[in-house]
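Chemist: Same order as they appear, the protein sequences are chains B and P. For what it's worth, my numbering labels the leading residue of the first sequence as 442, then goes sequentially. For what it's worth, my numbering labels the leading residue of the second sequence as 2, then goes sequentially.
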Amino acid sequence: LADAWQNTPTTWYPLPIAAGALLLIFIQYRRKSATKEVVVDEHGNEVIRLKGPWHVHVIGALPLRNMSRLWGYLNSLELPVWARPVGFRVYATIFGCNLDEVERDLTEYRSLGDFFYRRLKDGARPIADAVLVSPADGRVLHFGVIKDGRIEQVKGSTYSLDALLGVARPGSPAPASVVFPKDELHEVNHKHFADINGIEYSLHELLGTPTPSTSGTSTPTTEAPPRPPAPHNHSSTKHGERVDASVPRDQSLPDAVAQDVSLASEVGIRPTAERRDSFTSVRTKPGNDTFFMVIYLAPGDYHRFHSPASWVVERRRHFVGDLFSVSPWMAKRLENLFVLNERVALLGRWRHGFFSMVPVGATNVGSIKINFDTDLRTNVGRRRDHPVGTFTEAVYAGASPLLNGQPLARGDEMGGFCLG
Amino acid sequence: STIVLVFEAPHDFTFAVGAGEKVKVGQALGDL
Chain B
442 LADAWQNTPT TWYPLPIAAG ALLLIFIQYR RKSATKEVVV DEHGNEVIRL
492 KGPWHVHVIG ALPLRNMSRL WGYLNSLELP VWARPVGFRV YATIFGCNLD
542 EVERDLTEYR SLGDFFYRRL KDGARPIADA VLVSPADGRV LHFGVIKDGR
592 IEQVKGSTYS LDALLGVARP GSPAPASVVF PKDELHEVNH KHFADINGIE
642 YSLHELLGTP TPSTSGTSTP TTEAPPRPPA PHNHSSTKHG ERVDASVPRD
692 QSLPDAVAQD VSLASEVGIR PTAERRDSFT SVRTKPGNDT FFMVIYLAPG
742 DYHRFHSPAS WVVERRRHFV GDLFSVSPWM AKRLENLFVL NERVALLGRW
792 RHGFFSMVPV GATNVGSIKI NFDTDLRTNV GRRRDHPVGT FTEAVYAGAS
842 PLLNGQPLAR GDEMGGFCLG
Chain P
2 STIVLVFEAP HDFTFAVGAG EKVKVGQALG DL
């Protein structure tokens with residue numbers, strides 16, 4: 442071998458032009474077939490597989506979920522009080538946190554994980570008067586209109602909307618009902634403002650009943666500033682839509698139901714007509730488009746998320762997936778990133794039709810919390826037990842039986858991302 | 002971590018931010 446390596450002469454000669462042309466055609470064909478190839482299962486649903494350059498496959502071979510849990514454990518270790526201010530200031534300097542808006546004194550955060558899930562001072566995030574507001578601090582990665590049921594991840598790369606939100610498969614188990622303690626529920630409902638269909642109310646004012654003094658787990662921290670209730674008007678909204686005021690007001694109904702009847706009537710949601718017992722896929726109404734927006738939260742950002750609109754969350758779908766980094770670097774290289782990763786798809790409706798919000802986990806922040814869903818457990822269990830595309834589903838009909846879900850107002854705190 | 006919003010809205014819905022722009026909780030993302 443050594444002799445051959447040293448003594449064999451190198452002879453250069455031109456390839457025939459035809460061979461070169463054939464090679465280029467073959468490469469182009471491979472590239473096109475790779476981008477258009479969509480593998481489907483026996484039900485016609487797209488089968489999602491890991492696709493990307495070699496370093497993506499190397500990362501995919503790592504035990505990302507175990508690494509994420511270890512990361513979470515390490516960051517849950519209690520720090521000595523003297524080290525906290527220095528440590529958090531170093532972290533804040535590296536990742537660009539604004540410590541002036543942090544709610545508590547730095548010495549009160551027991552660990553980095555505790556600091557990571559920090560609250561902000563009241564009024565630090567005013568809620569704009571727009572139909573759609575940002576649910577989180579972060580950077581807008583991408584937005585646009587969904588065409589042919591596919592969302593553009595980066596230029597030239599798309600993923601399926603059905604794969605992101607989930608498709609009910611034949612034989613899949615019925616969704617579980619999340620149990621809402623009634624006292625907590627009333628607390629939450631009374632604190633909300635509803636401006637679905639253009640009418641803005643304090644529900645406390647709207648329903649005309651005293652706010653219970655019990656404590657609730659979903660108490661918003663960054664509430665919309667108090668607004669005077671709009672004139673009581675059953676017949677029209679500011680958008681000129683007719684509100685169905687035919688929902689009966691039966692004084693003999695139990696209080697909770699009577700409140701829901703009142704709320705449904707006032708916000709213009711017709712429960713029996715619009716309730717969906719199962720959700721299959723998004724069907725855009727005539728005159729509407731389906732839009733999307735992707736917001737990336739960097740490690741230094743405030744990691745709680747808030748309601749981006751006034752809407753009713755009807756159900757959640759928890760997809761146990763991988764925990765790849767979701768940084769822009771990775772989003773450019775790994776196809777179907779947001780479909781492969783663990784996520785919680787919250788599905789519901791707002792005054793214009795379908796509405797959904799999907800928090801997607803990542804390696805360092807694998808845990809997703811939803812304040813009004815204490816049954817939800819993320820970043821637990823083994824990845825191999827949950828094929829890509831499968832999910833567990835729960836419905837929130839118990840939160841408000843007539844609205845068929847959990848009502849939320851713009852800016853209400855919904856939950857957040859935790860380390861590990 | 003990332004948040005993906007998918008929603009139905011009338012054709013005349015317009016986004017109020019640009020790609021790559023930093024946003025904060027409660028900032029207007031779009032309006033009619």
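C-beta atoms are modelled at their ideal positions from N, C-alpha and C, and glycine is treated no differently. Small disclaimer: the values here were computed from a predicted structure and weren't measured.
Quick test of the definition: if touching needs 3 or more C-beta pairs under 8 Å, does the segment 818-825 of chain B touch the segment 9-20 of chain P?
Modeler: No, the segment 818-825 of chain B does not touch the segment 9-20 of chain P.
Chemist: The alpha helix (DSSP H) that contains His496(B), what's its start and end?
Modeler: 495-501
Chemist: Thinking C-beta only, is Leu582(B) closer than 9 Å to Ile736(B)?
Modeler: yes
Chemist: Exposed or buried, Tyr454(B), counting other C-beta atoms within 10 Å across all chains shown (16 or more means buried)?
Modeler: By the neighbour-count rule (16 or more Cβ atoms within 10 Å), Tyr454(B) is not buried but exposed.
Chemist: Hey, Ala786(B) and His759(B): beta-carbon distance below 9 Å or not?
Modeler: yes
Chemist: Flag Asn820(B) as yes if its beta-carbon sits less than 9 Å from any beta-carbon of chain P, otherwise no.
Modeler: Chain P, which has no Cβ nearer than 9 Å to the Cβ of Asn820(B), makes this no.
Chemist: My output table needs one value for Asn782(B): the three-state DSSP class, helix, strand or coil.
Modeler: Looking at Asn782(B) - three-state DSSP - the assignment turns out to be strand.
Chemist: Starting from Phe796(B), trace the beta strand (DSSP E) both ways and give me its first and last residue.
Modeler: Where Phe796(B) is concerned, the enclosing beta strand (DSSP E) stretches over 794-801.
Chemist: Quick one: using the 10 Å Cβ neighbour count with 16 as the cut-off for buried, is Arg545(B) buried or exposed?
Modeler: The residue in question, Arg545(B), is exposed, as its Cβ has fewer than 16 Cβ neighbours within 10 Å.
Chemist: Determine the direct distance from the alpha carbon of Gly554(B) to that of Gly741(B), and round the result to whole angstroms.
Modeler: 12 Å
Chemist: List the residues of chain P whose Cβ lies closer than 7 Å to the Cβ of Ile568(B), in chain order.
Modeler: Gly27
Chemist: Below 8 Å on the Cβ atoms is my guess for Arg506(B) versus Gly807(B); work out the distance and round it to an integer in Å.
Modeler: 7 Å
Chemist: Can you give me the C-alpha to C-alpha distance between Leu33(P) and Gln469(B), rounded to a whole angstrom?
Modeler: Those two C-alpha atoms are separated by around 43 Å.
Chemist: Could you tell me which chain P residues have their CB closer than 9 Å to the CB of Leu605(B), listed as they occur along the chain?
Modeler: Val5, Val7
Chemist: List the endpoints of the continuous beta strand (DSSP E) containing Val7(P).
Modeler: Boundaries of the beta strand (DSSP E) harbouring Val7(P): 3-11, taken from the DSSP string.
Chemist: Evaluate Gly861(B) with the Cβ neighbour count: other Cβ atoms within 10 Å of its Cβ, from every protein chain shown; 16 or more gives buried, anything less gives exposed.
Modeler: buried
Chemist: Mind checking if Trp770(B) is an interface residue toward chain P, Cβ cutoff 9 Å exclusive?
Modeler: no
Chemist: Can you name the residues of chain P whose CB is closer than 7 Å to the CB of Val767(B)?
Modeler: Ser2, Thr3
Chemist: According to DSSP, which residues form a beta bridge with Phe733(B)?
Modeler: Gly585(B), Val7(P)
Chemist: Which one or two residues does DSSP pair with Glu834(B) in a beta bridge?
Modeler: Arg758(B)
Chemist: With a threshold of 16 other CB atoms inside 10 Å of the CB of Ile592(B), please say whether the residue is buried or exposed.
Modeler: buried
Chemist: Where do the N-terminal and C-terminal ends of the beta strand (DSSP E) with Pro828(B) fall, by residue?
Modeler: Per DSSP, Pro828(B) belongs to no beta strand (DSSP E) and is neither H nor E.
Chemist: Just the C-alpha distance for Pro842(B) and Ala20(P), rounded to the nearest angstrom, thanks.
Modeler: 39 Å
Chemist: Please report how far the alpha carbon of Ala838(B) lies from the alpha carbon of Phe467(B), in whole angstroms.
Modeler: Counting only the Cα atoms, Phe467(B) lies some 55 Å from Ala838(B).
Chemist: Taking a Cβ distance cut-off of 8 Å, strictly less, list which residues of the segment 489-514 of chain B are near chain P, in chain order.
Modeler: none
Chemist: If I'm right that Met798(B) touches Pro576(B) with Cβ under 8 Å, what's the distance once you round it to whole angstroms?
Modeler: 6 Å
Chemist: Just mark Tyr550(B) as buried or exposed, buried being the case when its beta carbon has 16 or more other beta carbons within 10 Å.
Modeler: buried
Chemist: Would you kindly work out how many angstroms separate the C-alpha atoms of Lys562(B) and Val754(B), rounded to a whole number?
Modeler: Using only the alpha carbons, I get a separation of about 27 Å.
Chemist: Determine the direct distance from the alpha carbon of Ile458(B) to that of Arg790(B), and round the result to whole angstroms.
Modeler: 60 Å
Chemist: Give the DSSP-derived three-state secondary structure of Ile458(B) in the structure shown.
Modeler: helix
Chemist: What residues in the segment 528-540 of chain B have a beta carbon less than 7 Å from any beta carbon of chain P?
Modeler: none
Chemist: Between the alpha carbons of Val488(B) and Ser509(B), how many angstroms are there, rounded?
Modeler: 25 Å
Chemist: Quick one: list the residues of chain P neighbouring Asp730(B), beta-carbon separation under 8 Å, in chain order.
Modeler: Result: Glu9, Ala10, Pro11, His12, Phe14.
Chemist: Can you check the segment 551-611 of chain B for any alpha helix (DSSP H) of at least 4 residues that lies completely inside it and give the ranges in chain order?
Modeler: Here the runs fully enclosed are 553-557, 602-606.
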